[in-house]
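Worksheet for the structure shown next.
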Amino acid sequence: MSYKINYADTIFFLNQCIKHLQQGFNLEIDADFFRDKMLEDILFIDAGLARLYSGLRSNNYLISRQEHLRDLQRAMILFIDFIDSIIDHKCSFAPHLAHARVKLKACRLEQEKNRSDISMILTGTSIEDECEDTVSQDEFRFLLEQDYQDDDQE
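In terms of my numbering, the sequence shown opens at residue 40 and continues consecutively.
Set out below in structure tokens:
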């Protein structure tokens with residue numbers, strides 16, 4: 040069953056979730072209390088970004104697709120930077136997720152791949168759009184000749 044996704048609001052909310060987690064990781068909070076929740080939230084955001092990318096990638100005719108892809112790409116960059124800060128222990132809560140380092144690196148790698156794919160889609164789309172909307176003089180001549188030939192036969 041298909042349903043409508045509000046990409047703008049969903050991407051905005053994921054951005055806010057990333058920023059909220061970043062703030063939490065800079066606090067001296069109880070690791071026993073928050074460790075599992077923080078990791079769960081990171082994995083949720085990772086899955087959400089991947090799901091949004093999959094939806095946008097497969098829907099070429101979506102209105103505002105390029106804008107959504109750009110916004111998603113920005114969210115991915117923010118998320119990748121956040122993951123990097125955890126892996127590199129640049130925030131106070133990061134050492135408490137050392138056990139998940141391999142998983143976080145895998146998330147980062149996948150998001151970087153998707154971000155790169157979006158860049159390629161965005162640069163490729165503009166070229167395709169130009170070619171798709173342009174009708175050459177030869178095409179016009181061919182179409183007009185067909186019209187004139189049809190008129191002559193009647």
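Positions of the beta carbon are idealized from the N, C-alpha and C atoms, including for glycine.
**Prompt:** Is there contact between the segment 89-99 and the segment 123-133, where contact requires at least three CB pairs shorter than 8 Å?
**Reply:** no
**Message:** Can you tell me whether Q62 is buried or exposed? The criterion is at least 16 other CB atoms within 10 Å of its CB, across all chains shown.
**Reply:** Residue numbering aside, residue 62 sits at position 23 when the sequence shown is read from its first letter. It counts as exposed.
**Prompt:** Buried or exposed: which applies to D127, given that a residue is buried once 16 or more other Cβ atoms fall within 10 Å of its Cβ?
**Reply:** As a first step, residue 127 must be located in the sequence shown, where it is residue number 88. Label assigned to D127: exposed.
**Item:** alpha helix (DSSP H) segments (min. 4 residues) lying fully within the segment 83-109
**Value:** none
**Message:** Just to confirm, is the Cβ distance from D80 to L60 under 7 Å?
**Reply:** As a first step, residue 80 must be located in the sequence shown, where it is residue number 41. As a first step, residue 60 must be located in the sequence shown, where it is residue number 21. At a Cβ-Cβ threshold of 7 Å, D80 and L60 count as neighbours.
**Asked** Mapping DSSP to helix, strand and coil, what is N54?
**Response** Counted from its first residue, the sequence shown places residue 54 at position 15. Of the three classes helix, strand and coil, the one that applies to N54 here is helix, per DSSP.
**Request:** Excluding the 5 residues preceding and the 5 following R154 in the sequence, name in chain order all residues of the same chain whose CB lies nearer than 8 Å to its CB.
**Result:** Here residue 154 refers to the residue found at position 115 of the sequence shown. Within the same chain, R154 has close Cβ partners Q112, M115, I116, I119.
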